[in-house]
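Encoded as structure tokens, the structure appears first; notes follow it.
Number of protein chains: 2
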Amino acid sequence: MNGKNRTKYTLLGMLAIEPMSGYEIKKAIERSTSYFWSESDGQIYPALSHCVEKGWATCHEEGSKTSTRTKKIYKITSQGKEELRSWLIKKVQPNLLRNELLLKLFFGKNVKEQENIHHVRVHEKEIKEGLNMFLSIRDNLKSNHKNSPDLKYWLITLDHGITMSKAELKWCKDTLIVLENAGRIS
Amino acid sequence: MNGKNRTKYTLLGMLAIEPMSGYEIKKAIERSTSYFWSESDGQIYPALSHCVEKGWATCHEEGSKTSTRTKKIYKITSQGKEELRSWLIKKVQPNLLRNELLLKLFFGKNVKEQENIHHVRVHEKEIKEGLNMFLSIRDNLKSNHKNSPDLKYWLITLDHGITMSKAELKWCKDTLIVLENAGRIS
DNA sequence: TGAGTCATGTAATTCGTTACATGATTAA
DNA sequence: TTAATCATGTAACGAATTACATGACTCA
């Protein structure tokens, strides 16, 4: 509770878009923020209960039309919105960066150059795929959420992914040149 | 022990540069990899003991010239090098990305635009400072480790930081334009 | 009929951070 | 003499992942 556990804010932020069930939040996170933020499965349901206890959200059970199967729809309250807002304006906490690719390359002298090159190539491929995905999501967003007050902010975060992916590809290209030419020059 | 805890590999990698004490490794991590990888204080000493138990490193106590104060110098063994190598050639595990700035901006419609702009400006300033630091480290490295077999790899990871920082600055600039012009256009 | 997904939750374990604890050395 | 840094370690807590557990619904 010391400003670290941000699961609840993620949930409140999602519920500020529209009322949702835990499962729907999970899916929404996967679709939208997973590029820069994810929550693990085991955290969402307990955190939702916690939000209800605190009065930040209400929950009403919705019986599916056809069966006994229920679905709990959570809705943010005004206190919940206030709680979310108070977090949003707080100083941004630095992210813990852990980039395993860079760590392995940092120790690159211990293996054959081919291994390092391989890692970079795989990475390059993954980033390219990611970039294509971002670009198609971008088109999608612009047509499907034309009038949403969220659109502007979603595009900003998406553009972050696009800008960073392009830079990452540039770095891959430069790095491959360095690694592949090793031994030839000098 | 399921491929996740990478502290030991970080330590072995550092010891593959040269024999060091726990404290020196800590300092070395701060100086060199902290941009993309850090280890928390409480992990280093137990992990070092673990490496000795496994036969990946040896440890000899070095009494300081003047006093009773001891310093434990760890040295990587050939088994340790093998262990390191076997990890280095393994598939790179995807990083968990957690970018709190983007998460807050994603939920940006819930606060006054001024708050979002502020977060981006602070971020921009931090990145600028980081970039300057990278550039000066780069000069430093090139002159102080001219003949080190590690130099090439260290420059690669440093250039990652430089490329990404520049891209980050570009995104900040673009984002500020979007946020600052809101309401004026359309 | 079997795979995939919808749907909610708990438990165990591992991981990571922070704080604590101690004490010597060095430089201002 | 006091603050900073060198130096090694432990304990407690908090966070995160993974696996477990259950079961209905849907479509091929």
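Line by line, the protein sequences are chains G and Y. Number 125 in this note's numbering belongs to position 131 of the first sequence; there are no gaps in the numbering. Number 84 in this note's numbering belongs to position 90 of the second sequence; there are no gaps in the numbering. Each residue gets a CB set at the ideal place from its N, CA and C atoms; glycine is no exception.
Interface flag, residue i vs chain G, CB-CB below 8 Å
{"i": "Y/Lys136", "result": "no"}
{"i": "Y/Trp50", "result": "no"}
{"i": "Y/His117", "result": "yes"}
{"i": "Y/Lys20", "result": "no"}
{"i": "Y/Pro143", "result": "yes"}
{"i": "Y/Met158", "result": "yes"}
{"i": "Y/Arg132", "result": "no"}
{"i": "Y/Thr151", "result": "yes"}
Separation of residue j from residue i, as counted between CA atoms
{"i": "Y/Arg132", "j": "G/Lys48", "result": "50 Å"}
{"i": "G/Tyr3", "j": "G/Ala51", "result": "12 Å"}
{"i": "Y/Leu42", "j": "G/Leu9", "result": "45 Å"}
{"i": "G/Leu78", "j": "G/Arg25", "result": "21 Å"}
{"i": "Y/Leu6", "j": "Y/Gly74", "result": "7 Å"}
{"i": "Y/Asn104", "j": "Y/Ile67", "result": "54 Å"}
{"i": "Y/Met127", "j": "Y/Thr27", "result": "13 Å"}
{"i": "G/Thr169", "j": "Y/Cys53", "result": "36 Å"}
{"i": "Y/Lys164", "j": "Y/Glu174", "result": "15 Å"}
{"i": "Y/Phe101", "j": "G/Glu56", "result": "27 Å"}
{"i": "G/Lys167", "j": "G/Tyr39", "result": "43 Å"}
{"i": "G/Thr1", "j": "G/Ser137", "result": "30 Å"}
{"i": "Y/Cys45", "j": "Y/Ser15", "result": "13 Å"}
{"i": "Y/Leu129", "j": "G/Lys65", "result": "54 Å"}
{"i": "G/Ile111", "j": "G/Asn141", "result": "46 Å"}
{"i": "Y/Asp153", "j": "G/Thr71", "result": "47 Å"}
{"i": "G/Trp31", "j": "G/Ala22", "result": "11 Å"}
{"i": "Y/Ala176", "j": "Y/Asn134", "result": "43 Å"}
{"i": "Y/His117", "j": "G/Leu125", "result": "23 Å"}
Selection from the options that minimises the alpha carbon distance to residue i
{"i": "G/Ile171", "options": "Y/Tyr147, Y/Leu125, Y/Lys119, Y/Asn104", "result": "Y/Tyr147"}
{"i": "G/His113", "options": "Y/Ile156, Y/Leu125, Y/Leu99, Y/Ile83", "result": "Y/Ile83"}
{"i": "G/Ser80", "options": "Y/Glu109, Y/Ser72, Y/Cys53", "result": "Y/Glu109"}
{"i": "G/Glu76", "options": "Y/Asn134, Y/Lys106, Y/Glu56", "result": "Y/Lys106"}
{"i": "G/Gln37", "options": "G/Glu55, G/Glu56, G/Tyr17, G/Phe30", "result": "G/Tyr17"}
{"i": "Y/Glu33", "options": "Y/Ile19, Y/His44, Y/Arg115, Y/Ser137", "result": "Y/Ile19"}
{"i": "G/Arg92", "options": "Y/Thr64, Y/His44, Y/Asp144, Y/Gly155", "result": "Y/Gly155"}
{"i": "G/Glu120", "options": "Y/Pro88, Y/Ser142, Y/His117", "result": "Y/Pro88"}
{"i": "G/Lys(-2)", "options": "G/Leu149, G/Leu90, G/His117, G/Gly124", "result": "G/Leu90"}
Buried versus exposed, by CB contacts within 10 Å (16 or more), residue i
{"i": "Y/His139", "result": "exposed"}
{"i": "G/Val86", "result": "buried"}
{"i": "Y/Ser159", "result": "buried"}
{"i": "G/Glu12", "result": "exposed"}
{"i": "Y/Glu94", "result": "buried"}
{"i": "Y/Thr151", "result": "buried"}
{"i": "Y/Ala161", "result": "buried"}
{"i": "Y/Lys69", "result": "exposed"}
{"i": "G/Lys98", "result": "buried"}
{"i": "G/Thr157", "result": "buried"}
{"i": "Y/Leu96", "result": "buried"}
Residue i - DSSP class collapsed to helix/strand/coil
{"i": "Y/Ala176", "result": "coil"}
{"i": "Y/Ala10", "result": "coil"}
{"i": "G/Ile67", "result": "strand"}
{"i": "G/Ser28", "result": "coil"}
{"i": "Y/His113", "result": "helix"}
{"i": "Y/Ser15", "result": "strand"}
{"i": "Y/Glu33", "result": "coil"}
{"i": "Y/His139", "result": "coil"}
Cutoff 8 Å: residue i Cβ touching any chain Y Cβ
{"i": "G/Glu109", "result": "yes"}
{"i": "G/Tyr68", "result": "no"}
{"i": "G/Thr1", "result": "no"}
{"i": "G/Arg25", "result": "no"}
{"i": "G/Phe100", "result": "yes"}
{"i": "G/Val105", "result": "yes"}
{"i": "G/Ala176", "result": "yes"}
Any non-hydrogen atom of the ligand SAM within 7 Å of residue i CB
{"i": "Y/Ile11", "result": "Ligands in the displayed structure: none, and consequently the ligand SAM is not present."}
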